[in-house]
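Engineer:
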Amino acid sequence: MTAVIDRPTELVTTDAPTRRRDVFVAADARAKGRLATARKRLAWPLGIYTTPVVILIVWEILALAKVLKPTYAPAPTSIASTAVDLWQRGVLGPDLEVSLRRAAIGLALGLTAGVITGILGGLLRTGEFLFNGVIQIFNTIPLLAVLPVMIVWFGIDEMPKVLVIAFGAFVPMYLNLFAAIRGVDQRLIEMARTTGAGTWRLVTRVLVPGALPGFLVGLRFSLAYSILGLVAAETINADKGLGFMITQGETYLQTNQVYVGLVIYSMLGLLADQLVRTLERVLLRWRPSFEAS
Amino acid sequence: MTELAIRQEINSSAERVVRRFGDRVVLDHLDLTIAHEELVVLLGPSGCGKSTLLRLLAGLDRPDGGRIEVPTRRAVVFQADRLLPWQRVLRNVSLGLRGPDAINRARQALAEVGLDDREDAWPKQLSGGEAQRVALARALVSEPELVLLDEPFAALDAITRLRMHDLVRELRRKHHAAMLLVTHDVDEAIALADRIVVMSDGRIGTSHDVALSATDREASTAREQLRAALLADLGLALKH
Chain A
-5 MTAVIDRPTE LVTTDAPTRR RDVFVAADAR AKGRLATARK RLAWPLGIYT
45 TPVVILIVWE ILALAKVLKP TYAPAPTSIA STAVDLWQRG VLGPDLEVSL
95 RRAAIGLALG LTAGVITGIL GGLLRTGEFL FNGVIQIFNT IPLLAVLPVM
145 IVWFGIDEMP KVLVIAFGAF VPMYLNLFAA IRGVDQRLIE MARTTGAGTW
195 RLVTRVLVPG ALPGFLVGLR FSLAYSILGL VAAETINADK GLGFMITQGE
245 TYLQTNQVYV GLVIYSMLGL LADQLVRTLE RVLLRWRPSF EAS
Chain B
157 MTELAIRQEI NSSAERVVRR FGDRVVLDHL DLTIAHEELV VLLGPSGCGK
207 STLLRLLAGL DRPDGGRIEV PTRRAVVFQA DRLLPWQRVL RNVSLGLRGP
257 DAINRARQAL AEVGLDDRED AWPKQLSGGE AQRVALARAL VSEPELVLLD
307 EPFAALDAIT RLRMHDLVRE LRRKHHAAML LVTHDVDEAI ALADRIVVMS
357 DGRIGTSHDV ALSATDREAS TAREQLRAAL LADLGLALKH
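Just so you know, the protein sequences line up as chains A and B, in that order. Residue numbers for the first sequence follow our numbering, so the first one is -5 and each next one is one higher. Residue numbers for the second sequence follow our numbering, so the first one is 157 and each next one is one higher.
1. Quick check: what's the CA-CA separation for Ala231/B versus Arg180/B?
2. Taking the CB atoms as reference points, tell me whether Leu368/B and Leu199/B lie closer together than 8 Å.
3. With respect to the alpha helix (DSSP H) encompassing Gly243/A, which residues constitute its N-terminal and C-terminal limits?
4. Which residues in chain A sit within 8 Å of Leu251/B, going by Cβ to Cβ distance?
5. What runs of the beta strand (DSSP E), each 3 residues or longer, lie entirely inside the region 282 to 324 of chain B?
6. I'd like the span of the alpha helix (DSSP H) that includes Thr362/B, first residue to last.
7. Going by DSSP, what residue range makes up the beta strand (DSSP E) through Arg153/B?
8. Taking just the CA atoms, how far does Thr65/A sit from Pro279/B?
9. Which value, in whole angstroms, describes the spacing of the CA atoms of Lys206/B and Met355/B?
10. Under 7 Å: does the beta carbon of Leu256/A sit that close to some heavy atom of the ligand FAD?
11. Please confirm if Leu336/B has its CB atom under 8 Å from at least one CB of chain A.
12. What distance in whole Å lies between the Cβ atoms of Tyr253/A and Ile73/A, which are believed to be in contact at a cut-off of 8 Å?
13. Using CA atoms only, rank isn't needed, just tell me which of Arg289/B, His321/B and Val297/B is closest to Ala262/B.
14. Output the boundary residues of the beta strand (DSSP E) element that contains Ala378/B.
15. Going straight from the alpha carbon of Gly242/B to that of Val276/A, what length do you get?
16. Give the secondary structure of Ser169/B by DSSP, where H, G and I count as helix, E and B as strand, and everything else as coil.
17. Take Ala347/B and list the residues in its own chain whose beta-carbon comes closer than 7 Å to its own, dropping the five residues that flank it on each side.
18. Could you give the DSSP three-state label for Gly222/B: helix, strand or coil?
19. Tell me the DSSP bridge mates of Ile190/B?
20. Do Val196/B and Ala349/B come within 8 Å of each other at the CB atom, strictly closer than that value?
21. If you measure between the beta carbons of Asp341/B and Arg351/B, is that distance less than 8 Å?
22. Taking only three categories from DSSP, how would you classify Leu278/A?
23. Under the DSSP definition of a beta bridge, which residues are partnered with Arg176/B?
24. Please tell me whether Gln243/B has its Cβ less than 8 Å away from any Cβ of chain A.
25. If the cut-off is 7 Å on Cβ atoms, which residues from the region 273 to 306 of chain B count as contacting chain A, listed in chain order?
26. Smallest Cα separation from Arg247/B: which of Ala186/A, Gly121/A, Lys234/A and Met261/A?
27. In the DSSP assignment, the alpha helix (DSSP H) including Leu196/A goes from what residue to what residue?
28. My output table needs one value for Arg83/A: the three-state DSSP class, helix, strand or coil.
29. Which residues in chain B have a C-beta closer than 8 Å to the C-beta of Arg181/A? List them in chain order.
30. Taking the alpha-carbon positions, what's the Val31/A to Ala37/A distance?
31. Whole alpha helix (DSSP H) runs in the region 80 to 153 of chain A with 4 or more residues, listed along the chain?
32. Nearest-angstrom Cα distance between Thr249/A and Leu236/A?
33. Give a yes or no on whether the minimum CB-CB distance between Ile216/B and chain A is below 8 Å.
34. In the region 310 to 336 of chain B, which residues sit with their C-beta less than 7 Å from some C-beta in chain A, listed in chain order?
35. Taking Cβ-Cβ distances below 7 Å as the criterion, which residues of the region 382 to 393 of chain B are in contact with chain A?
36. With Ala67/A as the anchor, note down where its alpha helix (DSSP H) starts and where it stops.
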């Protein structure tokens, strides 16, 4: 049996004056001059980080040309040398370590609680009734408004800071995981039942992997909110940590030092984003994804 | 097969089954029996309640009246392949299997549908026909006594559909399961059925035993007569 297949790659233009036609050929068959190749390589040399790098370069140039005052926005190179200086003076290292420890403990607490309640709420009706109302209410409370209560309850040491970070991570993880488990395609659940798969199989092979994309969305929000919580907790009252370093810089008009803190916060955010991206690449290989041209 | 012989080896039965959705009565005291190893094709226009009956037999839905008796070991092939997109082909087939030989049995089932070289593929990499073959393998791997097929080839192109018909005939020689195939395609019904039942007004209207040879099913006077009778049952005027 031979099938006749229409091959758009072999279409040829005709000189019909009135009809417009599209011609498609194999991508590598297109005439490629050196110019075109070079242009392709030059277009986005650093991927999505091209724009930030361009902004940094423009910023540097404006600072060198004295358009931007050093007390407003010091040059990126000046910020970098301040960072090195702070590190060598032994100021930056300990502060960074304190902040990272807070973030790590808070995240561990918040994500664990969010994942456990999210799974229970998603799988069991009892779980839904138990957690959903409370956490929906939590969701309407702004993260920053929780901080004063935490300070009243737990004083000004590490506990309230860690708890604010945990709270920031917990709520979005629960909400997204719950919605993801409930949103798994009903037809696939039905199919799994007809194959004779038991409840355990249903959970491990259908519901959990089906909820993974939603889990990763939750993780993205959790990481973002926990960094927000970290900044808030450290800026309002702290005697060590990155936020403290920034407040100090503000007090003594050390703009460079403030910027070093901001840069490190943004690095943490980037790192979190990269982490989720990597997880998505590994865990969601099965997903047919849209690739923009 | 005589009426008595069928009665003696009933695989599945529906007795005076009623199913309503709101005010609409979809199944109205419907009776149907399927004998062991029999392939019954349920024919009817879209929306006549074919799929409703199949879901009842599959145990995915409960009747509002009447009684349904089916083997516990049964499998369903749906219109869409319903493969788990996050599992590779082999794991999709072994979904309902237990025990240490599960993987081997799944491999065997894939080989039977001619896809032993695709066991590591993701569902997104399969063509429509391949995906539906995996769904067939997944249904047959558990050696069910009843296989329910809900318009399984409706979304496939004509050539692939003919290949699937060959495959179904071949699989019937190896597996001794009764099958109920729901379709709205008269030619598909004639190609595969031991018996064709036509649904109308929520009941089984007419029933035709098909005792034609493989070649007669493709082209013969008997085939054309059967086709004309089925079209008449479906309320279509005969034009050719």
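Virtual Cβ for every residue (Gly too), placed ideally from N, Cα, C.
Structural biologist: If we stick to the structure as given:
1. Residue mapping note: residue 231/B aligns to position 75 of the second sequence, counting from 1. Residue mapping note: residue 180/B aligns to position 24 of the second sequence, counting from 1. Near 28 Å, if we compare the C-alpha coordinates of Arg180/B and Ala231/B.
2. For the purposes of this step, residue 368/B is taken as residue 212 along the second sequence, with counting starting at 1. For the purposes of this step, residue 199/B is taken as residue 43 along the second sequence, with counting starting at 1. No. Outside cutoff.
3. Taking the first residue of the first sequence as 1, we reach residue 243/A at position 249. Counting along the chain, the unbroken alpha helix (DSSP H) around Gly243/A starts and ends at Leu236 to Thr245.
4. Looking up residue 251/B in the second sequence gives position 95. Within chain A, the residues near Leu251/B are Ala186, Thr189, Ala191, Arg195 and Arg199.
5. Complete beta strand (DSSP E) runs here, min 3: 302 to 306.
6. Here residue 362/B refers to the residue found at position 206 of the second sequence. Looking at the DSSP string, Thr362/B is not in any alpha helix (DSSP H); the run it does join, the beta strand (DSSP E), is Arg359 to Asp365.
7. No answer is possible for residue 153/B: it lies beyond the span of chain B, which begins at 157 and ends at 396.
8. On the second sequence, residue 279/B is found 123 positions in, with the first residue counted as 1. On the first sequence, residue 65/A is found 71 positions in, with the first residue counted as 1. One C-alpha to the other measures close to 58 Å.
9. Counting from 1 along the second sequence, the entry for residue 206/B is found at position 50. Counting from 1 along the second sequence, the entry for residue 355/B is found at position 199. Approximately 7 Å, taken between the alpha carbons.
10. Inclusion of the ligand FAD in the displayed structure is not the case, the ligand content being empty and no account of it being possible.
11. Here the question's residue 336/B lines up with position 180 in the second sequence. It does not: the Cβ of Leu336/B has no partner Cβ on chain A nearer than 8 Å.
12. Taking the first sequence and counting its residues from 1, one reaches residue 73/A at position 79. Taking the first sequence and counting its residues from 1, one reaches residue 253/A at position 259. By a beta-carbon distance limit of 8 Å, Ile73/A contacts Tyr253/A. Their separation comes to about 5 Å.
13. Taking the first residue of the second sequence as position 1, residue 262/B is located at position 106. When each option's Cα is compared against that of Ala262/B, the closest is Val297/B.
14. Looking up residue 378/B in the second sequence gives position 222. Going by DSSP, Ala378/B is part of no beta strand (DSSP E) but of the alpha helix (DSSP H) stretching over Thr377 to Asp389.
15. The residue you call residue 242/B lines up with position 86 of the second sequence. The residue you call residue 276/A lines up with position 282 of the first sequence. Note on residue identity: the sequence assigns Trp, not Gly, to residue 242/B. So the two alpha carbons sit approximately 12 Å from each other.
16. Taking the second sequence and counting its residues from 1, one reaches residue 169/B at position 13. Of the three classes helix, strand and coil, the one that applies to Ser169/B here is strand, per DSSP.
17. By 1-based counting over the second sequence, the position of residue 347/B is 191. His321 and Arg373.
18. Translated into the one-based positions of the second sequence, residue 222/B becomes position 66. In the structure shown, Gly222/B sits in a strand (DSSP, three-state: E or B).
19. Position 34 of the second sequence, counted from the start, is the residue given in the question as residue 190/B. Per DSSP, Ser168/B.
20. Taking the second sequence and counting its residues from 1, the one referred to as residue 349/B is at position 193. Taking the second sequence and counting its residues from 1, the one referred to as residue 196/B is at position 40. Contact flag set, yes.
21. As a position in the second sequence, residue 341/B is number 185, starting the count at 1. As a position in the second sequence, residue 351/B is number 195, starting the count at 1. Not in contact: Asp341/B and Arg351/B (Cβ atoms no closer than 8 Å).
22. As a first step, residue 278/A is located in the first sequence; it is residue number 284 there, counting from the start. Leu278/A falls in the coil class under three-state DSSP.
23. Within the second sequence, numbered from 1, the residue matching residue 176/B stands at position 20. Arg176/B is bridged to Val181/B.
24. Indexing the second sequence from 1 puts residue 243/B at position 87. For Gln243/B, the answer is yes, since a Cβ of chain A falls inside 8 Å of its Cβ.
25. Within the region 273 to 306 of chain B, contact with chain A at the beta-carbon level (separation under 7 Å) is assigned to Trp278, Lys280, Arg294 and Ser298.
26. The count along the second sequence starts at 1 and reaches residue 247/B at position 91. The residue with the shortest Cα to Cα distance from Arg247/B is Ala186/A.
27. By one-based count along the first sequence, residue 196/A stands at place 202. It is not in any alpha helix (DSSP H) - Leu196/A carries neither H nor E in the DSSP assignment.
28. Sequence index remark: in the first sequence, residue 83/A carries index 89 (1-based). Note: Arg83/A maps to coil in three-state DSSP.
29. By 1-based counting over the first sequence, the position of residue 181/A is 187. What Arg181/A touches in chain B: Phe234, Ala236 and Arg238.
30. Sequence index remark: in the first sequence, residue 31/A carries index 37 (1-based). Sequence index remark: in the first sequence, residue 37/A carries index 43 (1-based). A small fix is needed here, since residue 31/A is Thr in this sequence, not Val. Roughly 10 Å between the two C-alpha positions.
31. Under the rule that a run must span 4 or more residues, the alpha helix (DSSP H) segments found entirely inside the region 80 to 153 of chain A read 86 to 117, 119 to 134 and 137 to 148.
32. As a position in the first sequence, residue 249/A is number 255, starting the count at 1. As a position in the first sequence, residue 236/A is number 242, starting the count at 1. Taking the straight line joining both Cα atoms gives about 14 Å.
33. For the purposes of this step, residue 216/B is identified with residue 60 of the second sequence, where counting begins at 1. The amino acid occupying residue 216/B in the given sequence is Leu; Ile does not appear at that position. Contact of Leu216/B with chain A is assigned, a C-beta pair being separated by under 8 Å.
34. Residues of the region 310 to 336 of chain B with a C-beta atom less than 7 Å from some C-beta of chain A are Ile315, listed in chain order.
35. Of all residues in the region 382 to 393 of chain B, none places a beta-carbon less than 7 Å from a beta-carbon of chain A.
36. Working through the first sequence from its first residue, we reach residue 67/A at position 73. Note, Ala67/A: premise wrong, no alpha helix (DSSP H); not H, not E.
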